[in-house]
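Residue numbers (our numbering), protein chains in the order written: chain A, 1 to 519; chain B, 1 to 357; chain C, 1 to 323; chain D, 1 to 323. Here the structure comes first, spelled out in structure tokens, and everything after it is commentary.
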Amino acid sequence: MTAVITLRDVRKSYVAGVPVLQGVDLDVRAGEVTALVGANGSGKSTLVKILSGYHEPDPGSEVRFGERSMEGRIHPGQARAAGVRFVHQDTRMVAGMSVLENLLAERLATGSLRRLDWPAERRRAQAFLDEHGIGVDVRADAGSLSLADAAKISIARAAGPESDPSLRALILDEPTAALGREDAGSMLGWVRDLARGRNVGVLLIGHRLEEILATADRVAVLRSGRIVADTPVTELDHDRLVEQIVGRAIESYYPDRAEEGSAADAAPVLVVESLRGGAVRDLSFTVAAGEILGVTGLPGSGFEDVPYLLMDPRLGARGALTVAGRPISPGATPVRARVQAGLALVPADRKRRALATTVSVRANVAIPHLRRFRSWGRLSARAEQRLASGVVRDYAVSPANPDVTAGNLSGGNQQKVVIGKWMSTRPRVLVVHEPTQAVDIGAKAEIFRLLAYAAADGMAAVVVSVEYEDLAHLCDRVLVVGDGRVVAELAGDELDPESLATAAYRSGASGLPELAHLR
Amino acid sequence: GAQSQADSGSTGSVPAEVTASVTAHRGPVQASYTGSAFDVSGLRGKRVWWVTQYAGNPFLASIGRNLTEALGSVGVEVTTCDGKGNPVDAGACIRQGIAQHADAIQVDGPEPTTYGESLAAAAKAGIPVLSGAAVDVTTTPLFSGLAGQTSQPFGLTGELAADWIVQDSGGKADVLFLTAPDVVGSVSEQKAFAARLDRTCPDCSLSVKGVTLANWANDLGPTTSSELVKNPRITYVVPAFDPMTQFTDPAILQAGRNDVKVVTVNGNLPFLQELRKGSPIKAMVGIDLDALAYLEADQLLRAMAGQPTLTKVVAPVRIFDKTNVGDLKLDGKAADDGSWYAGSGASADLFARLWKR
Amino acid sequence: MDNSTPLAWRSLGYRYGIVAVWVVEFAVFALLAPDTFPTTANLTSLLSSQAVLLLLALALVPTLVTGEIDLSIAGTMTVTATMTAQLNAVQGLSIWTAVAVGLATAAAVGLVNAFLAVRIGVESIIVTLGMGTLLIGLSVWISDSLTISGVSPALGDLLNTPVLRVNTAFYLAIGVGVAMWFVYRHTVFGRGAVFIGKNAEVARLSGLPVARTKVLSFVATALLAGAAGIVVVGIAGGLQPTSLQTLLLPAFAAAFLGSAIVEPGTSNPVGTMIAVLFLATGISGLVLVGLDAWIRDVFYGAAVVVAVTVSRIAAMAAPSGRA
Amino acid sequence: MDNSTPLAWRSLGYRYGIVAVWVVEFAVFALLAPDTFPTTANLTSLLSSQAVLLLLALALVPTLVTGEIDLSIAGTMTVTATMTAQLNAVQGLSIWTAVAVGLATAAAVGLVNAFLAVRIGVESIIVTLGMGTLLIGLSVWISDSLTISGVSPALGDLLNTPVLRVNTAFYLAIGVGVAMWFVYRHTVFGRGAVFIGKNAEVARLSGLPVARTKVLSFVATALLAGAAGIVVVGIAGGLQPTSLQTLLLPAFAAAFLGSAIVEPGTSNPVGTMIAVLFLATGISGLVLVGLDAWIRDVFYGAAVVVAVTVSRIAAMAAPSGRA
Ligand SMILES: Nc1ncnc2c1ncn2[C@@H]1O[C@H](COP(=O)(O)OP(=O)(O)OP(=O)(O)O)[C@@H](O)[C@H]1O
Ligand SMILES: Nc1ncnc2c1ncn2[C@@H]1O[C@H](COP(=O)(O)OP(=O)(O)OP(=O)(O)O)[C@@H](O)[C@H]1O
Ligand SMILES: [Mg+2]
Ligand SMILES: [Mg+2]
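Quick look at the structure:
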């Protein structure tokens, strides 16, 4: 099989003396799916951004698209001309522009003065989305899309229409991070067929190993800047792959929780009564101290709105909330009062809602703590430094320097910072939305362990996620939301991934996910 | 204020005094001065701080050049400081002058009231401050703290503009006068214009519009054309200062009015050139900037020599129109040496005789 | 929110609401000054006087669209005008050569701005602020601190010729605006520029030529500002270099007001042209009603504040509104 | 990345490089005008005349820090100055009452700006641009289009009293700047404000009082601009209301230049004060060297462009620089 992309001794260091890539050799062959896995910060996205011409590789690196070999910084045009297309890690569609224009982005790249025949483009684009079963109006504001739809559209956009013969290679950096298992499954299945059917070389990056194992033909493992293994999927199983990635075996990903019973009859710290807003029609539940409650459902069922309805008064939710005994009016009480009451939210949309990317990790971590000081009291830089270093250490953020600009961290490390930031406030109730998205297998286990630890310490947690596997293992109870209401509550022995999946699907009227309304 | 159109039907008449005044002021100026001779030998090497309201203003710039020349002739050196159009920088300039122990400070443009406090400081330091080209000194008493003042005769220029129009129109003109309400001189000019018109021309009508300095570029055009539309009988437009014509003249064309005559004041070179070319500018009341500068110099020297200053002296003015603009030598040099008024170098000679070296 | 209704049709209200306000404004003045305001004479002369501000406000659009800002337009306008006037009236070059040199100067300024803002990465609002002041200084130097007059009438004749009683300069400005509307609404380059303005990062990852587009935009802005300067020289036949700085704020007022309408949230040519004429209508009306000069500033300021606020409130109320 | 050394020690170069440039500037003028420029008299008078610009430039910091911008400062300054002067000199109120009313007016302006920009959500650059013009108009109305004179000397005496040959107004301005430095560097409010300026949404979801902070910032900006206005009245003794507009751009030049130093990328008080004095030094020097006026504009503009560009290049070279 011919290699559509050939990498030889590719090196990159953003800062002199701190190599990120230390000589990567990799082939992406036509007609097969090559997976690239590795711990957070191992350099996957960096590699992608070198291929897309966003970053320049260090001299001596060799990159070939088919036969053509690239010199120095790759011009985006060259990549496009060579038929190499990208889906970058957490790049949303651009809000304020129509989906249509977001779809046309690649075309806009030509920058010519050619006329755009809007009505025609619209028809073509609409047909294209329908072709991929994405139920979105192309004239809708892209800012109104759910992360899931956005992800699907960006993959479809990169692949282009069936008719497009120029496509040679497709590079996907954690394309399914925001998708539910089933959406992810179907999307990756489609990617796989695409590789075979159109003889395209696919480079797939991700942290969900079962997806990788199900989709890829070969799995290359990136560790400390080198490819340490490049194995046909047939010779791999989950545990061996994990070992290759983290360099050691992880005996269990999930902490063994204390007896559920004990938590359940503890006093409730979070009481939600008939919460209404967004796609949520009527939701009531309580979470006891030390309890971990899971909330899941199908995209559009409203479950992914729950975290924000709990925290953000702007969404004007109705109903009643009580956090650690303090009554909170969902649509009115300011965020700061909720934080003071002990409520903390880790949003899924990192760049927009969770992390200020232009400032240091330290500043990000310090923010929720500022309120601890008398509002005009002098800040103690030392205390702040101690706090930040603590988080960086406990969550194994790399590089382990609180003064790094947050935006320079890898996706997963950014996620760790966000979780650490909130955990360090020792909240009474922690609401997390997709806590382990983009987080590598080792860190994932670590985050779960810390959640469990905090719970054992009396914190109540609400984990909103589509990761049935994780929910089943981590939570005491899981609520399955359908059409804005609780349709099932599973706990104890009946709580396992399969029954969660079935419950979720029974709830969804049709298999076709609708739009999530609040993003 | 506008006045009644009561007997607008009757044909106007031109009072003799008007004709006389116009003819008198069309002719060349006689360089004359009431000040007595005095000794300036002791002033050689003294330093004068010249604070200009805004260095970008060609009118003031010309005064600056002439002042430097005038004082240079007796060995007094001039330092220029730009007030950048605001009282803060002007104040800073005066302070710097005081700090540098200047022997006198000349402030051209700003009204004395807008730097009253600095005057106190100067007084403490014993440095005389003189005002120029700000308020009409023929009607305004010397502001307390000032050692002297000079200016162009704002009132007179207004009256002469009125006279020319009355005569040109045979005592029957509808006039639009454009002022800059935030430049007090333009208001004095307009008041005098109105009064004169009132007295000499019962059949004339006057409407006044003000456009603040900062809005000239944006509003003078629309304001002019709108007024012309509002009152189509207007055939004379009088911008208080000739730089305004840069914006009014195009507007007059755009209003499709080539019957409108522009009469304005100052006599900056480019607008006299316009006048000669026969643009909408039909008459110009010119101010002898060379003389004005020498008057300032004279006051400064007197102040520095401990002589009493003359507080009502103003620059000579002259009416230019097609009858006499042809005789002028329209170039930069002539613009600065008074050739158009009392003759090239007239002021220099006049004061050379008064300043005993 | 309802995604099934298209961008273009939703929200007509707040996209074109200002036009309604404009009509009201017009009606009010027509009532207050019935036999002067709503006359052809008044309106045609009104339009004829707007060419310069139209061009200057339109000049802001290309940079604003790409998320940059150019505060040096007044300076660029001044230096172009001064160059042209000086070369023709004083140095005696043919007016067309002078115009060409003037525009070349403008383009050069645009390139310098672009180099500093795009290549070096200095914030454009800062670098262009400095550049503006610098250019005024240079203009005064070029003109030798004198007012320039005696520019060849050929230019004036070209720009002042009335067509349907409105001068050609106005049609020129409108023509430019319409061309820009087409570019920014219907061409690849234009939509690309808007895309870059919304999110340069994603645009760059999508392979859009961000740097190139921004450079072109700075040059376009400078050229349009230069064109405005040349229209000034042509219409006035002369120039006092320091007299044009005060056009900076009115131009921004119009451009900002324009960015709140037609395509709210994005600076756009049609909105900008409407804004210029809306404000000019007010000025002219106030003169005819015969109010004090100070009311003009109050109107100008209030118009911007109110119009933008209203369109904002409407936008929030509209189905697509997002906090 | 050299993670061991804290950011603070790295990058001293581009954070305080301007100070070096300042020293050079000083040396040059000391050479060109040895017996006038480097004299106590000159320097003290230089400082004494900077109070207004210092306050006006510092006024910009609070809004710039929170990611907003206030173009109405010149208007606020004017309306406050006019109010105070008119009430005291014309209406005969005691000067201190007049000052109080003036500042109250400023605060009110700030609240209106905040309401429109924060609650309604109009872009602050637009709403304040309009507000500025509106306020100038109002000021002219208040002053009845006349130049106000005869303000009680009590105010002037207070502000002009020399201490170590520099007037109290200067110390006042510096005092304000230092207080602001403490607030933005060492208090919760200040740090919160800075974070809000970097990413308001994250700040909001982290429980920072975003709206309240921004409102306070707008009011602070307005009050400082008002204070500048009162200093003008005090040190001038009279006022011509339309004459203060030309201070808008210099104030922004200083504030922007300041945001490129000391704490690059964030508007900050210390940098702003340094910038004001740096620029003032140049102007003063040029006057003494006796060069043409236009050179001042060129210097002013070039200083901003060069200083910011240099500090930007240095920032990129510095280890913490980002792609
Ligand atoms: N712009 C940048 N400047 C400096 N360092 C950077 C920059 N971008 C990434 N890095 C560093 O390079 C290393 C690799 O980052 P990269 O994003 O490639 O990791 P990754 O493999 O994609 O991790 P993840 O799985 O979490 O996305 C990280 O240590 C990160 O901190
Ligand atoms: N940026 C866009 N994204 C999606 N659809 C668009 C876009 N621009 C135009 N369209 C669609 O294409 C059609 C033709 O575009 P066009 O701009 O001519 O419409 P329009 O009504 O003229 O819009 P406008 O009045 O704002 O110029 C419109 O009906 C609109 O729905
Ligand atoms: Mg990554
Ligand atoms: Mg259209």
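C-beta atoms are modelled at their ideal positions from N, C-alpha and C, and glycine is treated no differently.
Alpha-carbon spacing of F182 of chain C relative to G190 of chain C, whole angstroms: Approximately 8 Å, taken between the alpha carbons.
Partners in chain D for D312 of chain A, counting only beta-carbon separations shorter than 9 Å: Chain-ordered, the chain D residues with CB closer than 9 Å to the CB of D312 of chain A read R204, L205.
Cβ-based burial, T76 of chain C [other Cβ within 10 Å; buried from 16]: The residue in question, T76 of chain C, is buried, as its Cβ has 16 or more Cβ neighbours within 10 Å.
Residues near Y341 of chain B by beta carbon distance below 6 Å, same chain, minus five either side: Answer for Y341 of chain B: V29, D288, P316, R318, listed in chain order.
Environment of G261 of chain A [buried if 16+ CB atoms lie within 10 Å]: In this predicted model, G261 of chain A has a pLDDT of only 48, less than 50, meaning its place in the structure is not dependable; the value taken from the coordinates is given anyway. By the Cβ neighbour-count rule, G261 of chain A is exposed, with fewer than 16 other Cβ atoms within 10 Å of its own.
Chain-ordered chain C contacts of K209 of chain B [CB-CB under 8 Å]: Near K209 of chain B (Cβ distances below 8 Å), the residues of chain C are V287, A293.
Any chain A beta carbon closer than 7 Å to N199 of chain D: Yes, N199 of chain D counts as interfacial toward chain A.
Closer than 6 Å: L172 of chain A CB and nearest ligand 1 heavy atom: False, no ligand heavy atom lies under 6 Å from that Cβ.
Neighbourhood of W9 of chain C by C-beta distance below 6 Å, restricted to the same chain and skipping five residues each side: Low confidence applies here, because W9 of chain C scores a pLDDT of 45, under 50, leaving its location unreliable and the question unanswered by this model.
Sequence-distant residues of the same chain with beta carbon closer than 6 Å to A20 of chain B, five excluded per side: Within the same chain, no Cβ atom closer than 6 Å to the Cβ of A20 of chain B is found once the five residues on either side in sequence are excluded.
heavy atom of ligand 1 below 6 Å from N40 of chain A C-beta: The answer is yes for N40 of chain A.
Extent of the continuous alpha helix (DSSP H) run through R302 of chain B: Per DSSP, R302 of chain B belongs to the alpha helix (DSSP H) from 289-305.
Coil, strand or helix - N401 of chain A by DSSP: Coil.
Three-way DSSP call (helix, strand, coil) for E235 of chain A in this model: Collapsing the DSSP output to three states places E235 of chain A in a helix.
Minimum Cβ-Cβ distance from A360 of chain B to chain D less than 7 Å: Since the displayed chain B opens at 1 and closes at 357, residue 360 of chain B lies outside it and no answer follows.
Close Cβ partners of P62 of chain D (< 6 Å) along its chain, the five nearest in sequence each way excluded: Excluding sequence neighbours, P62 of chain D sits near S217, A220, T221.
Status (buried if at least 16 other CB within 10 Å, exposed otherwise) for R477 of chain A: With 16 or more other Cβ atoms from the protein chains shown falling within 10 Å of its own Cβ, R477 of chain A counts as buried.
Beta-carbon proximity check, A31 of chain B vs A346 of chain B, cutoff 7 Å: Yes.
Three-state secondary structure assigned by DSSP to S226 of chain B: Helix, per DSSP.
For T150 of chain B and L292 of chain B, believed in contact at Cβ under 8 Å, the rounded distance: In this structure L292 of chain B is in contact with T150 of chain B, their Cβ atoms being roughly 7 Å apart against a cut-off of 8 Å.
Residues of the region 238-254 of chain C with Cβ closer than 8 Å to any Cβ of chain D, in chain order: Residues passing the 8 Å Cβ filter: L249, F252, A253.
7 Å Cβ shell around T138 of chain B - same chain, five flanking residues per side excluded: If the five residues before and after T138 of chain B are omitted, its C-beta is found closer than 7 Å to the C-beta atoms of P153, G155, K312, V314, all from its own chain and listed in chain order.
Nearest candidate by alpha-carbon position, reference Q50 of chain C, set C:F29, C:N88, C:G282: Closest by alpha carbon: C:G282.
Stretch-stretch touch, CB-based, cutoff 8 Å, three pairs: the region 357-372 of chain A with the region 417-435 of chain A: Enough Cβ pairs lie closer than 8 Å, so yes.
L203 of chain A: CB within 6 Å of a non-hydrogen atom of ligand 1: Flag unset: Cβ of L203 of chain A not near ligand 1.
P162 of chain D (DSSP reduced to helix, strand or coil): Assignment of P162 of chain D by DSSP, reduced to helix, strand and coil, places it in the strand class.
Helix, strand or coil at T248 of chain B [DSSP, three-state]: The answer is helix: DSSP assigns T248 of chain B an H, G or I state.
Pair within 7 Å by beta-carbon distance, V127 of chain C and L111 of chain C: Not a contact, by the Cβ cut-off of 7 Å.
Three-way DSSP call (helix, strand, coil) for G247 of chain A in this model: If DSSP states are grouped into helix, strand and coil, G247 of chain A belongs with coil.
Touch test, the region 334-346 of chain A against the region 386-397 of chain A, Cβ-Cβ under 8 Å, three pairs minimum: The way I'd put it, the region 334-346 of chain A doesn't touch the region 386-397 of chain A; fewer than three beta-carbon pairs between them come closer than 8 Å.
DSSP bridge partner residues for P268 of chain A (one or two, in chain order): DSSP output for P268 of chain A lists A:A288 as bridge partner(s).
Buried or exposed (CB count within 10 angstroms, at least 16 for buried), W216 of chain B: Buried: at least 16 other Cβ atoms inside 10 Å.
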